[in-house]
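**Student:** Take a look at this one; I'll ask things after.
Number of protein chains: 2
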Amino acid sequence: MNCKTTNADELMKTRDKILLSSLELFNEQGERNVTTNHIAAYLAISPGNLYYHFRNKSDIIYEIFQEYEKLVDYYLDIPENRPLNLDDMTFYLESVFDGLWSYRFLHRDLENLLDRDQRLRSDYREFTDRCLAAISKIFEKLAEGGILEPQPDALRAAMSLNVWLIVTNWMAFLKTAHGEKASACLTLHELKQGIYQVLTLELPYVTPVYREQVMELRERYRPTMPEQEDEREVSAG
Amino acid sequence: MNCKTTNADELMKTRDKILLSSLELFNEQGERNVTTNHIAAYLAISPGNLYYHFRNKSDIIYEIFQEYEKLVDYYLDIPENRPLNLDDMTFYLESVFDGLWSYRFLHRDLENLLDRDQRLRSDYREFTDRCLAAISKIFEKLAEGGILEPQPDALRAAMSLNVWLIVTNWMAFLKTAHGEKASACLTLHELKQGIYQVLTLELPYVTPVYREQVMELRERYRPTMPEQEDEREVSAG
DNA sequence: GTATTATTAGAGTATATACTCTAGGTAGTC
DNA sequence: GACTACCTAGAGTATATACTCTAATAATAC
Chain A
86 MNCKTTNADE
96 LMKTRDKILL
106 SSLELFNEQG
116 ERNVTTNHIA
126 AYLAISPGNL
136 YYHFRNKSDI
146 IYEIFQEYEK
156 LVDYYLDIPE
166 NRPLNLDDMT
176 FYLESVFDGL
186 WSYRFLHRDL
196 ENLLDRDQRL
206 RSDYREFTDR
216 CLAAISKIFE
226 KLAEGGILEP
236 QPDALRAAMS
246 LNVWLIVTNW
256 MAFLKTAHGE
266 KASACLTLHE
276 LKQGIYQVLT
286 LELPYVTPVY
296 REQVMELRER
306 YRPTMPEQED
316 EREVSAG
Chain B
86 MNCKTTNADE
96 LMKTRDKILL
106 SSLELFNEQG
116 ERNVTTNHIA
126 AYLAISPGNL
136 YYHFRNKSDI
146 IYEIFQEYEK
156 LVDYYLDIPE
166 NRPLNLDDMT
176 FYLESVFDGL
186 WSYRFLHRDL
196 ENLLDRDQRL
206 RSDYREFTDR
216 CLAAISKIFE
226 KLAEGGILEP
236 QPDALRAAMS
246 LNVWLIVTNW
256 MAFLKTAHGE
266 KASACLTLHE
276 LKQGIYQVLT
286 LELPYVTPVY
296 REQVMELRER
306 YRPTMPEQED
316 EREVSAG
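From first to last, the protein sequence lines are chains A and B. Here the first sequence stands for residues 86 to 322, numbered as in my numbering. Here the second sequence stands for residues 86 to 322, numbered as in my numbering.
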């Protein structure tokens, strides 16, 4: 019930249904484990039908990636004319993790996706650059807002990269840290504990004035370790 | 010349040759792209021969993982009876990234590996726990040595997790950030720039006495952005 | 030397996967 | 009611992949 949503509305065009179902299946089972035949079967259409709408599997993935790109670019459009406050920061963090969740298959086995599709590789590269620039700008504008201590450019760049690494790989970590069972089921709530990790990173740079507030915000995302799974043997203290 | 080593010594037992060549091929091409037939062909032995020595591909991977585990456990054996100094820290960082390099295929598409092999999943989980504990202990002992400010347990745990995320995913980032070409060729030198990122993370916690030295150490690993590839169009600034 | 065990070759197989091809249906237009 | 553009079905294919089976060869023990 947790890991399933309904879609494939009767009113939707086949092409859109393919995109939507592909995303859903990719997210749940991993791109590697979802074949074009699976997608067709899931939609109860023929493989030929699927290939009428898309030249190949890569094209489906590429189109989904472009949606993702658009979404994140939209979220990370930083206002130029004013400093940022804590609400802004919360919004950025929440939005980014929401996007990550909706398109989570992309960050699983990304390397193989990029190896198979050069368009995707160069697009993703530029996407990364844009995101890093956005993160850096957020830091800058948070400093303007008196929330973070101002930092030299080089340090800010390195910090932004660390944030990027944590954000994009938190999901993968959760999957590997997850119990003995299949890694299919994971909740958005768990994913957002990544925000705790990002705020941990920022903590030393928060100005004394805002320390309390940021600590409180961070606390809201603290991982709740005990009994979040129904049945789990205690394996490590 | 950079991405190739010779092995498959004539004196070596077939079983060991299989392990060694598998590791080499996995590292260079990714586990997904290397079949048991490839491994056999590479060694100029028959598939039957390979399957005489290993029940299946998973067993090969599992055994390689156990080597990796042993190596890292050996590196991360923290002395109980004394604080740590800067040389210790350098050693740990260098060693961990060396290990990461030698077994780099493991951290590519790890999720799929874990999904396919339950032994690996639970072993890896415990391995992660041990590493996180080791990182935390290193921080503790660096504080004892007066290099880092002492920190409350909870913060140290979160910081350790951030270090783990950066260390284990730095390679993947480099691969995705790499130019238009195939991601096969990547150097140990580039990988070690991950140390710069880890030290960036620790920087705010370094005591004033050691700040200079740590900054210098960090500088040694600073990424050298311009012209490290033969021909590369300038795409961003 | 012969029996036994360890090792190897190499053809072969079951299954899967991405994708193709032909033929046919539907909807709108004149 | 024929023409056209769009859409769909479904059988089929080339290739790959993990793995098996049988038989032969080398090594070792007695």
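Virtual Cβ for every residue (Gly too), placed ideally from N, Cα, C. Since we're looking at a predicted model, the values are computed, not measured.
#1: Which residue or residues does DSSP assign as beta-bridge partners of Leu233(A)?
#2: Pick out whichever of Val294(B), Leu191(B), Phe190(B) and Lys102(B) has its Cα sitting closest to the Cα of Ala126(B).
#3: Relative to the C-alpha of Glu229(B), which residue among Asp173(B), Asn112(B), Asp162(B) and Gln203(B) is closest?
#4: Can you pull the chain A residues whose beta carbon is under 8 Å from the beta carbon of Ala326(B), in chain order?
#5: Do the segment 110 to 124 of chain B and the segment 155 to 166 of chain B touch if we need at least three Cβ pairs shorter than 8 Å?
#6: On the premise that Leu288(A) lies in contact with Val299(A), defined as a C-beta separation below 8 Å, what is that separation, rounded to the nearest angstrom?
#7: Quick check on DSSP: helix, strand or coil for Leu198(B)?
#8: For Arg307(A), which option in Val291(A), Gln282(A), Trp186(A) and Cys216(A) has the closest C-alpha, if you only look at C-alpha atoms?
#9: On a CA-only basis, which of Tyr209(B), Asn247(B) and Ser106(B) is nearest Ala129(B)? Give me that one, please.
#10: Ignore the nearest five residues each way along the sequence and tell me which others in Arg193(A)'s own chain have a CB closer than 8 Å to its CB.
#11: Taking its Cβ as the centre, do 16 or more other Cβ atoms sit within 10 Å of Phe176(B), making it buried, or is it exposed?
#12: Given that Asp183(A) touches chain B, what residues does it touch there, using C-beta distances under 8 Å?
#13: In chain order, what residues of the same chain have a beta carbon less than 7 Å from the beta carbon of Glu234(A), not counting five sequence neighbours either side?
#14: So which of Pro237(B), Gln236(B), Gly264(B) and Ser221(B) has the shortest CA-CA distance to Ser245(B)?
#15: In three-state DSSP terms, what is Lys155(B)?
#16: Under a CB-based cut-off of 8 Å, is Ala257(A) close to chain B?
#17: Rounding to the nearest angstrom, what Cα-Cα distance links Ile124(B) and Leu161(B) in this structure?
#18: Kindly indicate which three-state DSSP category Ala129(B) falls into: helix, strand or coil?
#19: So Thr120(B) and Leu135(B) are supposed to be a Cβ contact under 8 Å. How far apart are they, rounded?
#20: What does Thr213(A) touch in chain B if you count any residue whose Cβ is under 9 Å from its own?
#21: Output yes if chain B places a C-beta closer than 8 Å to the C-beta of Leu302(A); else output no.
#22: Establish whether the CB of Leu199(A) and some CB of chain B are separated by less than 8 Å.
#23: Quick test of your reading: Tyr147(A) and Leu205(A), contact by CB under 8 Å. State the CB separation rounded to the nearest angstrom.
#24: Return helix, strand or coil for Ile124(A), following the three-state DSSP convention.
#25: Can you give me the Cβ contacts of Gln278(A) inside the same chain, cut-off strictly under 7 Å, excluding the 5 residues immediately before and after it?
#26: What residues of chain A sit near Pro289(B), judged by a beta carbon separation below 8 Å?
#27: Start and end of the alpha helix (DSSP H) containing Val248(A)?
#28: Should Glu304(A) go down as buried or exposed, given a rule of 16 or more other Cβ atoms within 10 Å for buried?
#29: Which of the residues in the segment 104 to 117 of chain B, read from start to end, lie with their CB under 8 Å from any CB of chain A?
#30: What's the call for Ser268(B), buried or exposed, on a 16-neighbour Cβ count within 10 Å?
#31: Quick one, are the C-beta atoms of Arg210(A) and Ser143(A) less than 8 Å apart?
#32: Going by beta carbon distance, what residues of the same chain come within less than 8 Å of Pro132(B), once the five residues before and after it are set aside?
#33: Could you round the C-beta distance between Leu178(B) and Ile280(B) to whole angstroms and report it? I think they count as a contact, below 8 Å.
#34: Once DSSP output is grouped into helix, strand and coil, what is the label at Glu119(A)?
#35: For Ile163(A), name the three-state secondary structure that DSSP assigns.
#36: Looking only at its own chain, which residues have a Cβ that is under 8 Å from the Cβ of Gly231(A), when we skip the five neighbours before and after it?
**Tutor:** This is what the structure gives:
#1: The residue labelled residue 233(A) in the question sits at position 148 within the first sequence. Its beta-bridge partners are Val291(A).
#2: The count along the second sequence starts at 1 and reaches residue 126(B) at position 41. Ala126(B) has its Cα closest to that of Lys102(B), out of Val294(B), Leu191(B), Phe190(B) and Lys102(B).
#3: Your numbering for residue 229(B) matches position 144 in the second sequence. Checked all of Asp173(B), Asn112(B), Asp162(B) and Gln203(B); the closest Cα to Glu229(B) is Asp173(B).
#4: Look at the range of chain B in this structure, 86 to 322, and you will see that residue 326(B) is not part of it.
#5: no
#6: The residue you call residue 299(A) lines up with position 214 of the first sequence. The residue you call residue 288(A) lines up with position 203 of the first sequence. Indeed, because the Cβ distance is near 7 Å, the residues count as touching under 8 Å.
#7: Translated into the one-based positions of the second sequence, residue 198(B) becomes position 113. Reduced to three states, the DSSP call for Leu198(B) is helix.
#8: To locate residue 307(A), count along the first sequence from 1; it is residue 222. Of Val291(A), Gln282(A), Trp186(A) and Cys216(A), the residue nearest in Cα terms is Gln282(A).
#9: Locating residue 129(B) in the second sequence gives position 44, counting from the first residue. Checking every option, the nearest Cα to that of Ala129(B) belongs to Ser106(B).
#10: In the first sequence, counting from the first residue as 1, residue 193(A) sits at position 108. Cβ neighbours of Arg193(A) beyond the five flanking positions: Gly115, Glu116, Met256, Ala257 and Lys260.
#11: As a first step, residue 176(B) is located in the second sequence; it is residue number 91 there, counting from the start. By the neighbour-count rule (16 or more Cβ atoms within 10 Å), Phe176(B) is not buried but exposed.
#12: The residue given as residue 183(A) occupies position 98 in the first sequence. By Cβ distance, chain B contributes nothing, its closest Cβ being about 20 Å from Asp183(A), past 8 Å.
#13: As a position in the first sequence, residue 234(A) is number 149, starting the count at 1. Same-chain partners within the cutoff: Ala228, Tyr290 and Thr292.
#14: For the purposes of this step, residue 245(B) is taken as the residue at position 160 of the second sequence. Selected option, being the one with the closest Cα: Ser221(B).
#15: Within the second sequence, the letter at position 70 stands for residue 155(B). Reduced to three states, the DSSP call for Lys155(B) is helix.
#16: Locating residue 257(A) in the first sequence gives position 172, where the first residue counts as 1. Closer than 8 Å to some Cβ of chain B, the Cβ of Ala257(A) qualifies, so yes.
#17: What you label residue 124(B) is simply residue 39 of the second sequence in a count that begins at 1. What you label residue 161(B) is simply residue 76 of the second sequence in a count that begins at 1. Spanning the two alpha carbons is a distance of roughly 32 Å.
#18: On the second sequence, position 44 is the one that residue 129(B) refers to. Ala129(B): coil per DSSP, three-state reduction.
#19: The residue you call residue 120(B) lines up with position 35 of the second sequence. The residue you call residue 135(B) lines up with position 50 of the second sequence. Not confirmed; about 10 Å, so no contact.
#20: What you label residue 213(A) is simply residue 128 of the first sequence in a count that begins at 1. Here the neighbours are Phe258, Thr261 and Ala262.
#21: One-based indexing of the first sequence puts residue 302(A) at position 217. It does not; no Cβ of chain B falls within 8 Å.
#22: In the first sequence, residue 199(A) corresponds to position 114, counting from 1. Cβ-Cβ to chain B under 8 Å: yes for Leu199(A).
#23: Mapped onto the first sequence, residue 147(A) falls at position 62. Mapped onto the first sequence, residue 205(A) falls at position 120. 6 Å between Cβ atoms; contact.
#24: Here the question's residue 124(A) lines up with position 39 in the first sequence. If DSSP states are grouped into helix, strand and coil, Ile124(A) belongs with the helices.
#25: For the purposes of this step, residue 278(A) is taken as the residue at position 193 of the first sequence. Counting only Cβ-Cβ distances below 7 Å, and skipping sequence neighbours, we find Tyr306 and Pro308.
#26: Sequence index remark: in the second sequence, residue 289(B) carries index 204 (1-based). Simply Pro289 and Tyr290.
#27: Residue numbering aside, residue 248(A) sits at position 163 when the first sequence is read from its first letter. Its alpha helix (DSSP H) spans residues Asp238 to Ala262.
#28: Here residue 304(A) refers to the residue found at position 219 of the first sequence. Under this definition Glu304(A) is an exposed residue.
#29: Gly115 and Arg117
#30: Position 183 of the second sequence holds residue 268(B). Note on Ser268(B): pLDDT 49, under 50, position unreliable in the model; the coordinate value appears next. So Ser268(B) ends up on the buried side.
#31: Position 125 of the first sequence, counted from the start, is the residue given in the question as residue 210(A). Position 58 of the first sequence, counted from the start, is the residue given in the question as residue 143(A). Result no, Cβ atoms of Arg210(A) and Ser143(A) do not sit closer than 8 Å.
#32: The count along the second sequence starts at 1 and reaches residue 132(B) at position 47. So the qualifying residues of the chain are Thr121, Asn122 and Ala125.
#33: Walking along the second sequence from the start, residue 178(B) turns up at place 93. Walking along the second sequence from the start, residue 280(B) turns up at place 195. Contact holds; Cβ gap of about 5 Å.
#34: The residue you call residue 119(A) lines up with position 34 of the first sequence. Strictly speaking, residue 119(A) in this sequence is Val, with Glu absent from that position. Coil, per DSSP.
#35: As a working note, residue 163(A) is residue 78 in the first sequence. Three-state result, Ile163(A): coil.
#36: Walking along the first sequence from the start, residue 231(A) turns up at place 146. Pro168, Thr292, Val294 and Tyr295, listed in sequence order.
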